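Going line by line, the protein sequences match chains A and B. What the first sequence shows, in our numbering, is residues 80 to 455, in sequence order. What the second sequence shows, in our numbering, is residues 302 to 596, in sequence order. C-beta atoms are modelled at their ideal positions from N, C-alpha and C, and glycine is treated no differently. Bear in mind that the values here come from a model prediction, so they are computed numbers and not experimental data.
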Amino acid sequence: MSIEAKSITKQFGAFTALGGVDLHVKEGDLLALLGPSGSGKTTLLRILAGLETPDAGRVFIDDVDATDHAVGDRGIGFVFQHYALFKHMSVLENVAFGLRVKPRRQRLADAEIRKRALELLDFVQLAGLSERMPAQLSGGQRQRVALARALAVRPRVLLLDEPFGALDARVRKDLRRWLRKLHDELHITSVFVTHDQEEALELADRVVVMNQGRIEQVGSTDELYERPASPFIFDFLGDANVLPAEVRGRSVFLQGAEQPIASDAIHPSGAADVYVRPGDLRLADAGAAGVEVVIESVQRTGPIVRVAAQLRGGRLPVAIELPHLHHDVPHFVAGAALRLRLMQFSVFPREARAPSPPTLAAPVLIGREREREIAG
Amino acid sequence: MSAADWSVLRPKRSPHSLATSEPSGVRAALIAFAVAFAVLLLVLPLATVFVSAFASGIGAFFEALSEPDALAAVKLTLWIAAISVPLNAVFGVAAAWAIARFEFRGKALLVTAIDLPLAVSPVVSGLIYVLCFGAQGVLGPWLMEHGIRIIFAVPGIVLATTFVTFPYVARELIPLLEEQGDEEEQAAISLGASGWQMFRRITLPNMSLGLLYGIVLLNARAMGEFGAVSVVSGHIRGETNTIPLHVEVLYNEYQGQAAFAVASLLAALAVVTLVAKRLLENRLARASRNAPENS
Chain A
80 MSIEAKSITK
90 QFGAFTALGG
100 VDLHVKEGDL
110 LALLGPSGSG
120 KTTLLRILAG
130 LETPDAGRVF
140 IDDVDATDHA
150 VGDRGIGFVF
160 QHYALFKHMS
170 VLENVAFGLR
180 VKPRRQRLAD
190 AEIRKRALEL
200 LDFVQLAGLS
210 ERMPAQLSGG
220 QRQRVALARA
230 LAVRPRVLLL
240 DEPFGALDAR
250 VRKDLRRWLR
260 KLHDELHITS
270 VFVTHDQEEA
280 LELADRVVVM
290 NQGRIEQVGS
300 TDELYERPAS
310 PFIFDFLGDA
320 NVLPAEVRGR
330 SVFLQGAEQP
340 IASDAIHPSG
350 AADVYVRPGD
360 LRLADAGAAG
370 VEVVIESVQR
380 TGPIVRVAAQ
390 LRGGRLPVAI
400 ELPHLHHDVP
410 HFVAGAALRL
420 RLMQFSVFPR
430 EARAPSPPTL
440 AAPVLIGRER
450 EREIAG
Chain B
302 MSAADWSVLR
312 PKRSPHSLAT
322 SEPSGVRAAL
332 IAFAVAFAVL
342 LLVLPLATVF
352 VSAFASGIGA
362 FFEALSEPDA
372 LAAVKLTLWI
382 AAISVPLNAV
392 FGVAAAWAIA
402 RFEFRGKALL
412 VTAIDLPLAV
422 SPVVSGLIYV
432 LCFGAQGVLG
442 PWLMEHGIRI
452 IFAVPGIVLA
462 TTFVTFPYVA
472 RELIPLLEEQ
482 GDEEEQAAIS
492 LGASGWQMFR
502 RITLPNMSLG
512 LLYGIVLLNA
522 RAMGEFGAVS
532 VVSGHIRGET
542 NTIPLHVEVL
552 YNEYQGQAAF
562 AVASLLAALA
572 VVTLVAKRLL
582 ENRLARASRN
592 APENS
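In structure tokens, the structure reads:
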């Protein structure tokens, strides 16, 4: 069961929720729509479901144009952000609802409907709670009732809107693993919306990153994290230091210090920004090669040592994270002048900080310094 | 006045902070004033109705009620309520649904129009219909030609009552529907329910308490309306007199005891309404407390 969206646009008054989005979800995929609020991810999900109509563009389900099909005819199961359980019905009746409202000719016998609903409750590990009312359930239990209810009509596609958004961290983690297992068992094509990058990266086969009504990048966890297509994605997927630099030939110059670019992509010379994660930075003695920095403070927080430093030249703050076993850590005291080494970084042309224009979206450079250079 | 209403006067051991609590003297004075005010303006008159109704004994009380004109008034009042209550309940549900769920041109106008009967004096409400359907009215000649009587007849009373009681159900349901949101309805649709199935199985059960509450108020007003009905009814004894109009007629004829006997029916209705209202309010409060916090 595949879904495809072709050049979908959607406008809410003056606000562009979606500005021409193309999306292809392969059969059996578990795909995450990831983005900050207002990026259009929920609108896209609702358009796939048929709960919202696009201004332009088509939605194909299994290569059939389903744009004009009603929600109930699309063969989708939708799990709402706040579950939307029917509060005046028991858990069992909630799950049975989709079977009870079928046209009389397709409807199963009462006993059969009850049996199916009980089976589903067993499947989502809520066997004993069939006669409870939704108000008597915990958040995680409600979430699973919502899922069982959506699965009852045997949907070909499962769409989930912020499925873990309203749960506390502990339950969220458990439920996430459970949902992954469920997907591996059922192989039902699933799309879920989230603003939590960790959730998207952990749960999904593929992640679609959205920003301002557009898709910024589609890829696996590794692709997104290692080769972010835009400064936005680099920023969104984790902490980032942004350092002004200059590209000349095959090198990046950071405060006068040269960093070779270990990538085949051609990069236009000129002003650029180096994006580097705190964990991809290392510190070396003053004599070594690297950018001059002065340590401002050192904070040991369990497994990670956080170092705040300043670039000598521009007085720019840099955040560095080191594993606590790092043999040099004891030497890093406030006031020490050291050298900063960039293990891995991305370079974006300076203009690209604005939403990426098409010509600049492609050349993403990853500079890598090999570990032995640092050691030596 | 139901007994439950006095619970507000009982001192509560709620954890008020010292800063917001008054000295005990001030508190006692305020409570005494409120009680005196309520007794003077609410309890005493209500008690008077019942005392006067039975002033000449139980026999006279039942005699006043079983008199043909009184019976006709009771019957007419029940008829009027039986017609205008369902009419306004259906309209109220439809209007509240449209206003809470859809955006459309003229929505603000509709919301304002619903409030019109509350803003305008009932006498004016009655006059509107006289001016429209009366002999000298806009549609009067045409109606006369076809032998349709509206003013000074039952249809006029139904119209006036319906107009006056127009807002009760809608005003009760609009905020309720807006607060509940439409996620449950969307869920029903996404599970394959038709529009009607969604309405019957999800929307209606969710609004049932609010609807009942609106109907209780609507019914009380429909049975007790005086001003608008007085203008259009023509006061034909035994034919177009409702209970309130009949009370007035009796009173004007110096049949004080009979007037109070009939009036006690309305007073009893008021007590029943207040009790029902109170019970429904409790259940509504409990229902919204029990609602899952996220839906």
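Item to complete: Could you tell me whether any Cβ in chain B is nearer than 7 angstroms to the Cβ of Ala145 of chain A?
Response: no
Worksheet entry | Which of helix, strand or coil DSSP assigns to Ser86 of chain A | strand
Worksheet item: Using a C-beta to C-beta distance shorter than 7 angstroms, which residues of chain B count as neighbours of Phe315 of chain A?
Response: By Cβ distance, chain B contributes nothing, its closest Cβ being about 26 angstroms from Phe315 of chain A, past 7 angstroms.
Worksheet item: For Ile399 of chain A, which three-state DSSP category applies?
Response: strand
Worksheet entry | Segment limits, alpha helix (DSSP H) that includes Gln481 of chain B | Pro468 to Gln481
Worksheet item: Are the stretch 266-279 of chain A and the stretch 224-242 of chain A touching, with three or more C-beta to C-beta distances below 8 angstroms?
Response: yes
Worksheet item: Residue range of the beta strand (DSSP E) that Arg235 of chain A falls in?
Response: First-last for Arg235 of chain A: undefined, no H or E at that position.
Fill in: Length of the line joining the Cα atoms of Ser209 of chain A and Ala229 of chain A
16 angstroms
Fill in: Boundaries of the beta strand (DSSP E) in which Val459 of chain B is found, first to last residue
It is not in any beta strand (DSSP E) - Val459 of chain B instead sits in the alpha helix (DSSP H) that spans Val455 to Val465.
Worksheet item: Quick one, which of B:Ser385, B:Gly525, B:Leu566 and B:Pro387 has its alpha-carbon nearest Phe355 of chain B's?
Response: B:Leu566
Practice prompt. Specify the secondary structure class of Gly219 of chain A as computed by DSSP and reduced to three states.
Written response: helix
Item to complete: Just list the alpha helix (DSSP H) runs in the stretch 341-414 of chain B, keeping only unbroken ones of 4 residues or longer that don't cross its boundaries, in chain order.
Response: 345-354, 358-367 and 369-402
Practice prompt. Using a Cβ cut-off of 8 angstroms, pull out every chain B residue sitting near Ala163 of chain A, in sequence order please.
Written response: Glu484, Glu485, Gln487, Ala488 and Ser596
Discussion item. For the stretch 355-368 of chain A, list every residue whose C-beta sits within 9 angstroms of some C-beta in chain B, in sequence order.
Written reply: none
Worksheet item: For chain B, is any of its Cβ atoms less than 7 angstroms away from the one on Gln90 of chain A?
Response: no
Discussion item. Please report the straight-line C-alpha distance between Ala529 of chain B and Cys433 of chain B, rounded to a whole angstrom.
Written reply: 14 angstroms
Practice prompt. Determine which residues of the stretch 107-141 of chain A have a Cβ less than 7 angstroms from any Cβ of chain B, and write them out in chain order.
Written response: Ala128 and Leu130
Worksheet entry | Contact list for Gly511 of chain B against chain A, beta-carbon separation under 8 angstroms | What Gly511 of chain B touches in chain A: nothing, since even the nearest Cβ is about 13 angstroms away.
Discussion item. For Ser269 of chain A, list the residues DSSP reports as bridge partners.
Written reply: A:Leu109 and A:Leu237
Worksheet entry | Straight-line gap, Ala333 of chain B to Thr462 of chain B (C-alpha atoms, nearest Å) | 39 angstroms
Worksheet item: Listing by chain order, which chain B residues have their CB less than 7 angstroms from the CB of Val150 of chain A?
Response: Ile490 and Ser491
Worksheet item: In terms of alpha-carbon separation, which member of A:Arg420, A:Leu333, A:Ile374 and A:Ala398 lies closest to Gly392 of chain A?
Response: A:Leu333
Worksheet item: Does the distance from the CB of Ala227 of chain A to the CB of Val174 of chain A come in under 7 angstroms?
Response: yes
Worksheet item: Taking Cβ-Cβ distances shorter than 9 angstroms, what residues in chain A pair up with Gln437 of chain B?
Response: Going along chain A, no residue has its Cβ under 9 angstroms from Gln437 of chain B, so there is no contact; the nearest lies around 50 angstroms.
Worksheet item: Given a limit of 7 angstroms on CB to CB distance, which residues of the stretch 165-177 of chain A reach chain B?
Response: Phe165, Lys166, His167, Phe176 and Gly177
Item to complete: Within the same chain, show all residues whose beta-carbon is closer than 6 angstroms to that of Ala564 of chain B, passing over the 5 residues directly before and after it, in chain order.
Response: Val350 and Val548
Discussion item. With a threshold of 7 angstroms between beta-carbons, can Val232 of chain A be considered close to chain B, or not?
Written reply: yes
Discussion item. Could you give the first and the last residue of the continuous beta strand (DSSP E) run that contains His103 of chain A?
Written reply: Phe94 to Val104
Item to complete: Could you run through the stretch 175-203 of chain A and flag, in chain order, every residue whose CB is less than 7 angstroms away from some CB of chain B?
Response: Phe176, Gly177, Val180 and Lys181
Worksheet item: Beta-carbon of Phe159 of chain A versus every beta-carbon of chain B: anything under 7 angstroms?
Response: yes
Worksheet entry | Short Cβ contact (7 angstroms threshold) for Ala387 of chain A with Val372 of chain A | no
Discussion item. Rounded to the nearest angstrom, what separates Asp189 of chain A and Gln481 of chain B at their Cα positions?
Written reply: 30 angstroms
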